[in-house]
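Participant: Quick note: the sequence shown uses our numbering, first residue 2, plus one each step. Idealized CB from N, CA, C, for every residue including glycine. Keep in mind that this is a model prediction, so the values were computed, not measured. Dropping a structure here in structure tokens format, bear with me for questions.
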Amino acid sequence: MESETPDLPVADEHVRTIGASLSTDEKSEGSSQSEAAVGIRLTDVYERVTDHIANFQATRRDIIRATRCYEALKGVGLAFRFPKAAHYHRSFPTDRIQEFWSHSWHGNRLRKISTMMVQNNGLAAISLGSLVSYLLAGLFVGGFLPGYESAPFLRLGRTSYLFCIWGLVGGTLTAVVTIFGWHRRTLVFVDSICINQSDSSLKVEALLSMGAFLQSSESLCVWWDETFAQRLWCVFEVGAYLGSCQASAGRSKRLVIRPTVLGTNSATAFLGTFLLALGFVASPFDDLLLGWMIFTVLGIICCHLAVRSLRGYFAAVESMLVQLRKFRIQDAQCECCSEGHPAGNSVPCDREVITLCIRKWFGSESAFERLVTTDVSIALASALGDTSFSYVWLLMISAPLHWVHVDQVATRLHSQDREAAVVTTIINLTYYFLAFPLVGRLGIVLACKARRRRQQLWANELMTCAVYLAIFPVGTALLAMQTVLTQVMDPVAGAGIFAAINLIMLVVLLRQCSQMSLLTHDVREIS
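Below, the structure written as structure tokens:
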């Protein structure tokens, strides 16, 4: 139920004029108007619309709308899967938008939705999963949950325990449910929800107020895919936001860029670590050789999937960066030009209006293009190459390995083997916070260097194998070092030394990685 529209200083005339382009059923009236008169009127409309947008003005206060993040992701991204459906009632007027979501309607929707869910719900999913994992492990220690008898991998005296599996199972199920159902209440702008897609008058008002939407936004979150730089309106949103940053000196604003391939890559990596953890639980370590063989085969399969996914990610990102370095406004596509402008139509062209706005903000089209192909491109390379795979991201995707080690600690506590529980706790924390991020970061760097896709399938798969085979000795060495240190000396002291060595190696690696960027150097060399 919408409020009645008051007098609009600029919008009234232009809503009537521009709105004709959004109605497929209405015929343009006044066909006898001369082309010269149309040209004069159109020039005036261009100038007034440009001034309105470029000065970040809204047609009226309540046209600025937002929605809650969980509303945008409801129904597994229903608003993105069916953008033309009626979603307007799920938004509300506001004078502050925490995140403006900029995305292309022409990219892969599954990838985009999965990335949005990982970015917004991922940390909550892992946190709740860990909480449930600890709770269920505690219930097992108290004797409230059953277990299964098996031989341990780490033998510190006993040859058999009643094992807990509830931490891994409960943590994983909780994380999966939370990623789909978490209610993050951040105020976001989503075009398919906050712009009325069925009322042409309200739609034009929102488009005229796009500068005001961006001016009211604390951050611009770009969901980047291979079609983003090809769409004129997407590029315009980035340009308008950069322009609003210049106009809002002193206000805290930030630009966040997330590639849409990150979501499926994160899901693949999480699935891989879950299968690896499940393999660790299922491996029969009473026959140590057989147990090692099964665990190794599962490890190779999971590593192959993870490395293949990472190589595909970096190849896709490099393609996007090459595309951005060659960006030209005249090459970007807009809907009205793609469909064609009927002769004598007095409806303004999106390209003309957007170009005039960019000239007003940046002085010229070429100045904006230089900004995009240099500063924005390099910042994008850093965001897509380094920020996407942060230390926290590594902890999130490796959570199943942590949960399976929580089960190992609960198993020792249930059997009253306190020394083994202390050792297992130290080793668990070492692997989760130090060893896995160490191996994971090495894998990310190598996958980035080997990102170029080979022509032959066998050559491409061989390159994937080469990456994880290069990392494999590191993982094997860590397991061997853990075994030796806990067997030849006091187990608690050995576990402590193992943790200290991993800490030193991780700090050294992270210091080295901080001095290099995975993709920034490469993108500077792209002509």
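1. Do you know offhand how far Lys-113's Cα is from Thr-261's?
2. Give me the Cα-Cα distance between Arg-454 and Glu-319, rounded to the nearest whole angstrom.
3. What residue range does the beta strand (DSSP E) around Phe-57 cover?
4. What's the call for Asp-332, buried or exposed, on a 16-neighbour Cβ count within 10 Å?
5. Helix, strand or coil: how does DSSP classify Arg-97 here?
6. Using CA atoms only, rank isn't needed, just tell me which of Val-308, Gly-495 and Leu-372 is closest to Ala-448.
7. Extract the residue ranges of the alpha helix (DSSP H) inside the stretch 206-238, only unbroken runs of 4 or more that lie entirely within it.
8. Mark Leu-137 as exposed unless 16 or more other C-beta atoms lie within 10 angstroms of its C-beta, in which case mark it buried.
9. If you run the structure through DSSP and keep just helix, strand and coil, what is Ala-494?
10. Residues in its own chain within less than 6 Å of Cys-304 by CB, not counting five upstream and five downstream?
11. Excluding the 5 residues preceding and the 5 following Gly-123 in the sequence, name in chain order all residues of the same chain whose CB lies nearer than 8 Å to its CB.
12. If you follow the beta strand (DSSP E) that Thr-68 is part of, which residue opens it and which one closes it?
13. Mind pulling the alpha helix (DSSP H) runs of 4 or more residues that sit fully within the stretch 292-346?
14. Please classify Leu-188: does DSSP put it in a helix, a strand, or coil?
15. If we count the other Cβ atoms within 10 Å of its Cβ and call it buried at 16 or more, is Val-508 buried or exposed?
16. Cutting at 7 Å between CB atoms, please list the residues of its own chain near Thr-175, excluding the five before and the five after it.
17. Quick one: residues in its chain with C-beta nearer than 6 Å to the C-beta of Ala-241, no 5 flanking neighbours on either side, listed in chain order?
18. Thinking just about the alpha-carbon of each residue, which of Leu-263, Gln-231, Ala-436 and Ile-54 is nearest to the one in Leu-385?
19. Out of Val-423, Arg-413, Ile-359 and Tyr-89, state which residue places its alpha-carbon closest to the alpha-carbon of Gly-244.
20. On the DSSP bridge assignment, give the partners of Arg-259 in chain order.
21. Closest to Met-117 by CA distance: which of Gly-144, Glu-72 and Phe-145 is it?
22. Could you give the DSSP three-state label for Trp-106: helix, strand or coil?
23. By DSSP, does Phe-499 sit in helix, in strand, or in coil?
24. Check whether the Cβ atoms of Trp-102 and Val-191 lie closer than 9 Å to each other.
25. Report all residues from its chain with a CB closer than 6 Å to the CB of Ala-270; omit the five preceding and five following residues, and keep chain order.
26. Can you tell me where the alpha helix (DSSP H) holding Ser-367 begins and where it ends?
27. Roughly how many whole angstroms lie between the Cα atoms of Gly-148 and Ala-278?
28. Under DSSP, the beta strand (DSSP E) around Phe-531 begins and ends at which residues?
29. Below 8 Å on the Cβ atoms is my guess for Asp-287 versus Ala-152; work out the distance and round it to an integer in Å.
30. For Phe-546, which residues of its own chain have a beta-carbon under 8 Å away from its beta-carbon, when the five flanking residues on both sides are left out?
31. For Gly-497 and Thr-412, what's the separation of their Cα atoms in angstroms?
32. Using CA coordinates, which residue listed in Glu-100, Val-298, Cys-514 and Cys-466 is at the minimum distance from Lys-254?
33. How is the alpha helix (DSSP H) around Tyr-469 delimited, first residue to last?
Facilitator: According to the data block:
1. Looking at the backbone, the Cα of Lys-113 and that of Thr-261 are separated by about 5 Å.
2. 11 Å
3. Run containing Phe-57: none; DSSP gives neither H nor E here.
4. Asp-332 is exposed by the Cβ-count criterion.
5. coil
6. Val-308
7. 211-216
8. buried
9. Helix, per DSSP.
10. Tyr-469
11. Ile-180, Ser-267 and Met-397
12. 66-69
13. 336-340
14. Note: Leu-188 maps to strand in three-state DSSP.
15. exposed
16. Leu-129, Gly-130 and Val-133
17. Gly-212 and Leu-215
18. Leu-263
19. Ile-359
20. Trp-224
21. Glu-72
22. coil
23. helix
24. yes
25. Here the set comprises Ala-307 and Ile-398.
26. 366-372
27. 17 Å
28. The structure shown does not extend to residue 531, since the chain is modelled only from 2 through 528, so no value can be given for it.
29. 4 Å
30. It is not possible to answer for residue 546, since the shown part of the chain is limited to 2 through 528.
31. Going from the Cα of Gly-497 to the Cα of Thr-412 covers about 21 Å.
32. Glu-100
33. 458-489
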